[in-house]
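Residue numbers 166 to 1309, in the numbering used here, belong to the letters of the sequence shown in order.
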Amino acid sequence: MEAFCGSKLSHFWDSNRTLYWDTPDLTECFQMSVLSWIPCIYLWLTFPFYFLYLKKNNKGYIMMSLLNRVKMIFALVLWIVCWTDLFASFHEMHQGTHIAPIFFVTPLVVGMTVLLATFLIQYERLRGVQSSGVLFLFWFLSVLCAIVPFRSKILQISLKNTVEDKLRFTTFYIYFGLIVVQLILSCFNEKPPLFSGVVTDPNPCPESSAGFLSTMTFWWFTSMAIKGYKNPLENKDLWSLNKQDSSEVIVPKLLKEWEVEQDKVQREAQASYSKSPLTTEANHVDKPQAEAEVLLMEKGEAQQPSFLRCLLKVFGPYFLIGSAYKLLQDLITFINPVLLSLLISFIGNQKKGVPSWWGYALAFLMFFCALLQTLILHQHFQYCFVTGMRLRTAIVGAIYRKSLVITNAAKRSSTVGEIVNLMSVDAQRFMDLTTFLNMLWSAPLQIILALYFLWQNLGPSVLAGVAVMILLIPLNAAIAVKTRAFQVEQMQYKDSRIKLMNEILNGIKVLKLYAWENSFKEKVLDIRQKELHVLRKMAYLGAVSTVAWTSAPFLVALTTFAVYVMVDKNNVLDAEKAFVSLALFNILRFPLNMLPQVISSVVQASVSLKRIQHFLSHDELDLDSVDRKNTTAGFAVTVVNGKFSWAKNDPTTLHNINLMVPQGSLLAVVGHVGCGKSSLVSALLGEMEKLEGEISIRGSVAYVPQQAWIQNATLRDNILFGHGYNERKYRSVLDACALTPDLEVLPGGDMTEIGEKGINLSGGQRQRVSLARALYSDSDVYLLDDPLSAVDAHVAKHIFDKVIGPDGALSGKTRILVTHGISFLPQVDNILVIVDGRVSEVGSYQHLLKENGAFAEFLRNYALEDIVEEDESLVALIEEDEESFPEDAMSNHIDMVDSAPSVNEAKRQFIRQISVISTDSENTRKMSIRTRRQSERKHVEPPPEKKREMAEKLIQAETAETGRVKLKVFLEYIKAVGPLLSLFICFLYGCQNAAAVGANIWLSQWTNDARNNNTEASRDMRVGVYAVLGLSQGVLLLGIAIHCRAYSMLRAARVIHHNMLHAILRAPQAFFEATPSGRVLNRFSKDVDTIDCLIPENIDIWMRTFWYTATVLLICSALTPIFFIVIVPLMLFYWWVQVNRIVG
């Protein structure tokens, strides 16, 4: 190296000059070689990976800005300066001066690196990078490495009062100034790329355009923190979600990978089936064929698609970036114990002439390492939190999508309660796990590194501590296995409880009508008691695990120190060995504490993973079962030899269905109750299993079910259903569906908010809204499943004439009408009669009457008074009660009666043709007339002047408390736990922390024995007391865990759930009309799970942190009173931050 640097420069390394002078300095050779090459090596090593990343991720094109031009100019000038040094060296060599190789190599390397940086500046602009972390670190390293020669040259001038090499002296300071300017410029951001979402978004998230420094320090979040400090934050204050974090991007990615995984498993199963020798062996070795099929089935069941593999493919790469930060943070963690050892040695050797700047340097390095560790750790958590958020979003989206397409057989096994739990509890488990998932590899790594440094410090004695940890592993494994079994059992009880709560909320009207609240309350509480019993067992196991692993660092320290001092009399436990070892044991404490918790979380997540994987593996409805590309000329709906069932293993529901519906015709489907009419409509929709045959439908389909499906939205939104608003079309739909009079009754007209499941509408109104939605959609084919059964007879006639009939709004559309209203049958084109799941007859009304078959039998079995009363009694009824109707309603009903003379004539012909007429039809007709009179009186609208101007909001948006958590919340929880028990738990925490502090103080006194040469005499006593203090910590921890988790917290969970259930069941009916059932179910699923599991853990963490902080402050203040000068302002600052923090 000296030949490389030449005789002009000093040696490459001079330890005396660097480490032991009062004004330390590095040699010129070291400065020109190593310090100059460090940033260059960094950039060249990073360039290939960064270039590939930029090539793969193109964010757009950034126009050449003033900032970019200035960067380019300074980079080119910097390149010229570097090459000036190189050409000066060539010039001196040409003059005959001997020039060392370093004067050629270093300017060449630095110049080429600056040229590479110039290329990256432009390439980043072309790829849409607004701020470069790679170049920022390069300029930062360049400045950091240039500070040493900057100081050295000034010291040389002050000593020699002259400059030997004026050219290189000048170029260096120009170089230094330029790299400082480049470092400052790299702190600023470029403009967003052209056509990016940041430009078009009115409220973009600043994270996407934040610079490197802003990202590392989270400075981009400052504006939101200030806004939250001034006013409580609301939804409108939040920034728009980053596109890569939105469900429209995340969910399709996961679903795509899941489909690939399913296809892969299916191909492997088919390949293994084709290669399997079982069938052949069954023929040659007399093995029954059925047995071979069972074996193949079991083999196929073992091969299931892996949902975990899909999650790793989608979210693994992004999560690995956080893992890289975690690895870096773990390595930096072990620098502080090394620095602490040097600092203790420095204090002990201060009288031996060690320079004082060592102490300052070590203190600064410890501070810098802590700062760097904090920045890196929080970047790791940012990646983990974002991954968890994306993971939960994708899982919830996948489950929701699956719940819409699963088969009827799957719906029997996967209840609503289970699906709610999957989306709330199980998905949340994955989000919680990702925060500390890296501890699975980080904890063993930290343990191994800590044991390595302990070996260096204490020698083979550390093996005793390793033995303690190894002995704890089987215990933890057994606890994890048992916890997993309890977790499965607990989730089953939770599913049952949520299922029952969903049934209660769906039938709350009936439940309150019959006063069944207490009965159902007992059922829920019975399931809840079983769930709490399982949770108590899990708490006992958790208590043992917590005690074992929390005491592990102390047990390791105790055994290690005891073995160290007892193995050899020459082994003295001095301050350096003791406190450096304690620092390493404290590092061990976190991974040893976290590892069992992470393992427990992994166990819980594995249970959730299997549940989700099982649900997503359910069979789906076959989207290709209905051919949407119908090419049959003249027919809109065609069914050929159709055979359908509700599930593959269920008996066949529909047999040998053959149906051809002409384009634009009206087909009525009739039959007895339960004969399969609605099943036929479901088969046309593709919701049944097609066992045989073909179905084809031409064009779009609109479906009106028997039970109307109503959204929690305004009446208009329910009708529009996402389509554009057309005033003329909308009003005609309202008139056709007889909804215009109802608008006069509703408080806000068509802007009235409809409650969940249409709870504030009558059955007839809900059905007419459902029909209006289908009519407004303007589809090609309409499947109407008995839509007239829920409305009054005169309203049904109006709807048939104006909407469904030959002169209605749907004339010209293909309509399939399932009906029991025989009065409308003469007006339909064709009638399909179904008997016991088979097509009995198809034909026109007159044709089927002449056949005198199943259709005629169907007509005989239904009440005939509905036909007779239309032409005899209705007009008399209207005349009798004319004063009860508004004028417009009267005219409408009279028009309806007068507008169909041909229909009435057809009815009279039908009556003459029917041979058997019930003798009591007259009495029945009178009863029907009375019923209709009552129904019509119910339908009377109030005067129009009572209509309100503004629509009232029925269901209010769910609100969250803002600001600080009120003291009342804490008091309610303490009351549920028990005030005396809460104080006793706090006392136990204090005693446990006091025992820990006492153990540390005792260890400090133990190390003082080395000074007094009293190590052997007091050795046994020191070890014994230290052991007692440690064991007392374990006993107190066990008491805390049992009292806190297995008794008090579960008692609070039971009381809170009981009070919430009591309040819900005692709530008035108006509460259920204004509160969506999903909101209530969320309280009983996710929030109850939070009370059961998360709150006890958070209380435990808070109590430990509080007592640990309090004891540290007390000890430091007692030993070093000047510590108050620093700690009091810091305490006030942190108190101010916590008081003014927004708690979401």
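Backbone N, C-alpha and C define an ideal beta-carbon position, used for all residues, glycine too.
Worksheet entry | Neighbourhood of Ser-716 by C-beta distance below 6 angstroms, restricted to the same chain and skipping five residues each side | Gly-1199
Worksheet entry | Identity of the residue in Val-1162, Ala-1211, Lys-429, Gln-287 nearest Gly-1195 by Cα | Val-1162
Item to complete: Grab me the residues of Ala-867's own chain with a C-beta within less than 6 angstroms of its C-beta, minus the 5 sequence neighbours each way, in chain order.
Response: Ala-939, Ser-942, Ser-944, Tyr-947
Worksheet item: Three-state secondary structure (DSSP) at Val-328?
Response: coil
Worksheet item: Quick one: what's Ala-867 bridged to in DSSP?
Response: Tyr-947
Fill in: Alpha-carbon spacing of His-1222 relative to Thr-211, whole angstroms
56 angstroms
Worksheet item: Helix, strand or coil: which one does DSSP assign to Ser-831?
Response: Looking at the sequence shown, residue 831 is not Ser but Leu. Three-state DSSP puts Leu-831 in a strand.
Practice prompt. Could you tell me which of Ser-307, Gln-1170, Asn-814 sits nearest to Gln-347, measuring between CA atoms?
Written response: Ser-307
Item to complete: Just mark Ile-862 as buried or exposed, buried being the case when its beta carbon has 16 or more other beta carbons within 10 Å.
Response: buried
Worksheet item: At what residues does the alpha helix (DSSP H) containing Phe-214 begin and finish?
Response: 201-221
Worksheet item: Under a three-way DSSP split, which group does His-820 fall into?
Response: strand
Fill in: Which listed residue (Arg-980, Arg-1248, Val-712, Ile-344) has its alpha carbon closest to that of Phe-301
Ile-344
Practice prompt. Return the CA-CA distance between Gly-928 and Leu-880, expressed in angstroms with no decimal places.
Written response: 14 angstroms
Discussion item. Check whether the segment 501-511 and the segment 564-573 are in contact - that is, three or more C-beta pairs closer than 8 angstroms.
Written reply: no
Worksheet item: Mapping DSSP to helix, strand and coil, what is Tyr-852?
Response: Note on identity: in this sequence residue 852 is Glu, with Tyr being the wrong assignment. Coil, per DSSP.
Practice prompt. Return the first residue and the last residue of the alpha helix (DSSP H) that Val-805 is part of.
Written response: Here Val-805 belongs to no alpha helix (DSSP H); instead the beta strand (DSSP E) covers 800-810.
Fill in: Val-479 burial status per 10 Å Cβ neighbour count (16 or more: buried)
buried
Worksheet item: Residues bridged to Asp-119 by DSSP?
Response: Residue 119 is absent from the model: the chain starts at 166 and stops at 1309.
Worksheet item: By DSSP, does Glu-257 sit in helix, in strand, or in coil?
Response: helix
Worksheet item: Going by DSSP, which residues form a beta bridge with Thr-979?
Response: Val-946
Worksheet entry | Rounded straight-line distance, which links the Cα of Leu-1284 to that of Ile-1290 | 14 angstroms
Discussion item. Contact defined as beta carbons within less than 8 angstroms: I believe Glu-741 pairs with Ile-509. What is the distance between those atoms, to the nearest angstrom?
Written reply: 5 angstroms
Item to complete: Say whether the segment 604-614 touches the segment 721-734, bearing in mind that this needs 3 or more beta-carbon pairs closer than 8 angstroms, one atom from each stretch.
Response: no
Worksheet item: Do Lys-794 and Lys-855 come within 9 angstroms of each other at the CB atom, strictly closer than that value?
Response: no
Worksheet entry | For Leu-904 and Ala-873, the rounded distance between their alpha carbons | 15 angstroms
Item to complete: Determine the DSSP secondary structure at Arg-1231, reduced to helix, strand or coil.
Response: coil
Worksheet item: What first and last residue would you give for the beta strand (DSSP E) that runs through Glu-921?
Response: Glu-921 -> no beta strand (DSSP E), and no H or E assigned at all.
Worksheet entry | the segment 829-848 contacting the segment 772-787, beta-carbon criterion three pairs below 8 angstroms | no
Practice prompt. Determine the contact status of Pro-907 and Gln-930, defining contact as a CB-CB distance below 9 angstroms.
Written response: Per the sequence shown, the amino acid found at residue 907 is Asp instead of Pro. Against a cut-off of 9 angstroms, the Cβ pair of Gln-930 and Asp-907 comes out as a contact.
Worksheet item: So, are the CB atoms of Gly-841 and Ile-999 less than 9 angstroms apart?
Response: yes
Worksheet item: CB His-545 to CB Gly-481, shorter than 9 angstroms?
Response: no
Worksheet item: When the Cα of Asn-1165 is compared with those of His-698, Leu-640, Ala-743, Glu-921, which residue comes out closest?
Response: Ala-743
Practice prompt. Go to Ser-1005, then tell me how far its beta strand (DSSP E) extends in each direction, as first and last residue.
Written response: 1003-1008
Worksheet item: Between the Cα of Val-299 and the Cα atoms of Ile-312, Leu-1024, Cys-310, Leu-285, which residue gives the shortest distance?
Response: Leu-285
Item to complete: Classify Val-585 as helix, strand or coil using the three-state DSSP reduction.
Response: helix
Worksheet entry | Cross-strand partners of Ile-571 (DSSP beta bridge) | Glu-785
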